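To start, the structure itself, in C-alpha cells.
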Amino acid sequence: MNHAILISIILLLSSLASIQAADAPAGLPPKETVAQRDSRLAWWHEAKFGMFIHWGLYSLAAGEWKGGYYSGIGEWIMYKARIPIAEYEQLAARFNPVKFDAEAWAQLAQDAGMKYLILTSKHHDGFAMFGSKADAFNIVDATPFKRDPVRELAAACAKRGIKFGVYYSQAQDWAAPGGAIWKGQHEADPVYEVPQWDPKQKGDFDTYFNSKALPQVRELLSNYGPIAVVWFDTPLGVMNVERASKLEKLVRGLQPDCLVSGRLSRDFKSDYDSSGDNEIPDLSRAGAWETPATLNDTWGFKKNDHHWKTSDNVIFKLVDIVSKGGNYLLNIGPDGAGVVPQPSQDTLRGVGRWLKVNGEAIYGAGRTPFGEEFGVVPKSQPEKKSRVEKQWRCEVCGANQKRPSTFEPLTHWRCTTQPGKLFIHIFDWPEDGKFQLSAVKDKVVKAYLLADPKRAALKVTQTEAGVSIALPAKAPDPIASVLCLETK
Ligand code: GLC
C-alpha cells in the first residue's frame, strides 16, 4: 500500500477514536470520547435492574389533604392541592419515620436482584431528604426524626455492593422562591412561566438555582462517598444548555465516574436516555436507555393505591426491556412511617427468586438478534402500517415518546444474549412440546434449561429453515422458563 494512503488511514482512525460523545452540542462538556463515556456506563449496562425510591413528606400525606383525596401521583400532592409552603412545612414537623431501616431497604433491593438504588434526595416539593447547609428545609433540621436517610442508605448499599444514586429535582422547586413550577399539560413550555399558588414562590430562577440547586448537588456529591448516578428530573424550559452544563460540570468535577441521567435538560445529551414514565418501547433500541416504572400507579406512597403489579408482570417487563437493550428502574414508595408496603416487597422478592435461577440471562445480557417476538403491525390497517410514528415530547419528564402505536405486542417469548449463547425466555410453554425458531445464523451445539440443575441436553433439530428444540412436557418455571442455546 502506498505510504501516503496508509498515513491518511491512520489519521482517519485516530480522529474517529477521539470523536466527542455523541450529540454533545458544540462547546459543551463532556469533552470526552465515546469510549470514555461507554466505560463510565459499563457497570450500568451490566446491572440492568435498579430500585427507585420515592420517599418524602408527601409519603406522610399519602394522597390526602384536609380530608380530600387527590388523584394522580402522590408526590405531586403539594401542587395538586395547591398547598401553601407554610402549611406544607407542617408536614415536616410531623415527619418522624421511626420504622425507616436502611439495612432492610437495601436488603430488599438485594433480595430482588437489583444492582443499583436511587433515592429521591429532593423532589419537586423542595424538601431535602439529607442534612443540607444550603437550605434548612431538610429532614435533619426540620423534622423530629433528625436522621439522614441519604447517609444511612449510602452505607447500607455500600455494604452489599449495590451502587447508590440520588434523584434531584433541579428545575422544579415549589418551596423555594424562584423555583420552577410546571405549568400544565396543554401549554408548550419553551419559556419559564409560573403558575404560583403562594406569594412566597415568587422569585428569580437563577437565585434559586445558584443558592439551592447547585449547592445541594455539591453537598450530595461531597458528603456521601461514591454517588453512582444523579437522576435529574423534569427539565422544564428553564433548564437550558447553560444551566444544565453548570450542573453537569459540577457533577463531573466532583465525581467523574458518576452518571448523569437523561432528564437533566431537553437540549443536553447526558449519559443515558430516560424513557417516559412506565414507557417501554415496542421494539429493540440501540444506545443506553432506561425505563423508570412504578409498582402500582404512584411513585410516592398513596394509601388507597393497591393496584400492585405481580412478580409475573414485573418479570415479563424486566425480560422485555433487557431484550430490547434497556435498564429497568423500578420504584418503591415507602409510607410516612418508613414502611415499604408489603405487596411491593412480595412482588420484588418473587422477582429475586426468579433471577437467582435465571440471572445469567439478564445481567450484562445483550439484545435479541430476532425481533419478530415483539409483535406485529395489524395487516388489516394498512394505512396505519408505519411504526415510525411522530414523536412527541412529554411535558413533565422531557422524554421523547411515541404516540400510542397500532403495534400489537406478542408476549409468548423474548430473547437475550451473551457471547455464544441465546437465552429464550418462554412465557407460553408450547403445548406440542417443541420450541421453534425461524432462523439462527450459527450452529446450535447444545440446548438446556437454566432451571435444570443438571443442564441436561435437549434434542435440537437444525435445518436451513430453522431450529426446533424438544422441551419437557411441563415448564420448569410457572412464569418464564429460560432455554439456553449454546452456539458456535
Ligand atoms: C415524573 C414526575 C415525578 C416522578 C418521575 C419519576 O417526571 O414528575 O413525580 O418522580 O416522573 O420518573
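Numbering (the numbering used here), first residue to last: 1284 to 1771. C-beta atoms are modelled at their ideal positions from N, C-alpha and C, and glycine is treated no differently. Computed from a predicted structure; not experimentally measured.
Own chain partners of residue i with C-beta closer than 7 Å, once the 5 adjacent residues on each side are dropped
i, result
"H1590", "N1579 and D1580"
"E1435", "A1385"
"D1487", "G1461"
"I1598", "V1634, W1637, I1762 and A1763"
"W1348", "I1360, A1364 and I1366"
"T1630", "L1578, W1591, K1592, T1593, S1594 and V1597"
Residue i CB to nearest heavy atom of ligand 1 below 7 Å
i, result
"P1761", "no"
"T1517", "yes"
"P1478", "no"
"H1695", "no"
"P1564", "no"
"D1560", "yes"
"E1435", "no"
"P1380", "no"
"E1358", "yes"
"W1572", "no"
"H1337", "yes"
"P1617", "no"
"W1457", "no"
"W1582", "yes"
"P1575", "yes"
Whole-Å CB distance - residue i paired with residue j, under 8 Å assumed
i, j, result
"I1527", "L1547", "Checking the sequence shown, residue 1527 turns out to be Ala, not Ile. Yes, they are in contact, since the Cβ atoms of A1527 and L1547 sit about 5 Å apart, within 8 Å."
"D1760", "A1730", "Actually they are not in contact, since the Cβ atoms of D1760 and A1730 sit about 16 Å apart, beyond 8 Å."
"V1605", "T1517", "Rounded, the Cβ-Cβ distance is 27 Å, inconsistent with contact."
"D1408", "Y1371", "7 Å"
"A1648", "F1706", "7 Å"
"A1417", "E1502", "6 Å"
"I1445", "L1400", "5 Å"
Host alpha helix (DSSP H) of residue i (start-end)
i, result
"F1599", "S1594 to K1607"
"E1386", "A1385 to A1395"
"T1490", "F1488 to Y1491"
"T1651", "T1651 -> no alpha helix (DSSP H), and no H or E assigned at all."
"T1316", "Taken as a continuous stretch (DSSP letters only), T1316 belongs to no alpha helix (DSSP H), as it is neither H nor E."
"S1627", "Q1625 to N1641"
"Y1645", "Checking the displayed sequence, the identity of residue 1645 turns out to be Ile instead of Tyr. Segment: none, I1645 is in no alpha helix (DSSP H) and carries neither H nor E."
"E1435", "P1432 to R1443"
"V1524", "V1524 to L1537"
"V1423", "I1422 to A1425"
"Y1341", "L1340 to A1344"
First through last residue of the beta strand (DSSP E) which encompasses residue i
i, result
"Y1507", "Run containing Y1507: none; DSSP gives neither H nor E here."
"L1720", "K1717 to L1720"
"K1363", "Where K1363 is concerned, there is no enclosing beta strand (DSSP E), although the alpha helix (DSSP H) it sits in stretches over I1360 to K1363."
"Q1701", "W1696 to Q1701"
"G1333", "F1332 to I1336"
"C1767", "S1764 to T1770"
"G1749", "G1749 to A1753"
"L1374", "Element bounds for L1374: not the beta strand (DSSP E) but the alpha helix (DSSP H), I1368 to R1377."
"I1709", "K1704 to I1709"
"A1730", "V1727 to L1732"
"W1572", "W1572 to A1576"
"T1403", "Y1399 to K1405"
"Q1745", "V1743 to T1746"
"N1614", "N1610 to I1615"
"G1448", "K1446 to Y1451"
Residues of its chain near residue i, where Cβ-Cβ distance is below 6 Å and the 5 sequence neighbours each way are ignored
i, result
"I1336", "L1402 and I1615"
"Q1745", "V1727"
"V1622", "K1382"
"S1627", "L1578 and I1615"
"P1539", "none"
"L1768", "L1705, V1727 and A1730"
"I1645", "K1331 and V1605"
"A1566", "Before going further, note that residue 1566 is Leu rather than Ala in the sequence given. Hits under 6 Å: F1657."
"K1429", "V1423"
"T1426", "A1375 and F1378"
"V1723", "V1750"
Cut-off 8 Å between Cβ atoms - residues of its own chain near residue i, not counting five sequence neighbours on either side
i, result
"C1680", "Below a pLDDT of 50, predicted positions are generally treated as unreliable, and C1680, at 46, falls in that range; the measurement from the model is reported next regardless. The residues are D1516, T1517, R1546, S1557, G1559 and D1560."
"A1756", "G1716"
"Y1611", "K1331, F1332, G1333, E1573, T1574, A1576, K1600, L1601, I1604 and V1605"
"V1534", "V1500, L1504, V1513, C1541 and V1543"
"N1523", "S1548 and D1550"
"T1770", "G1703, K1704, L1705, V1723, D1725, K1726, V1727 and V1728"
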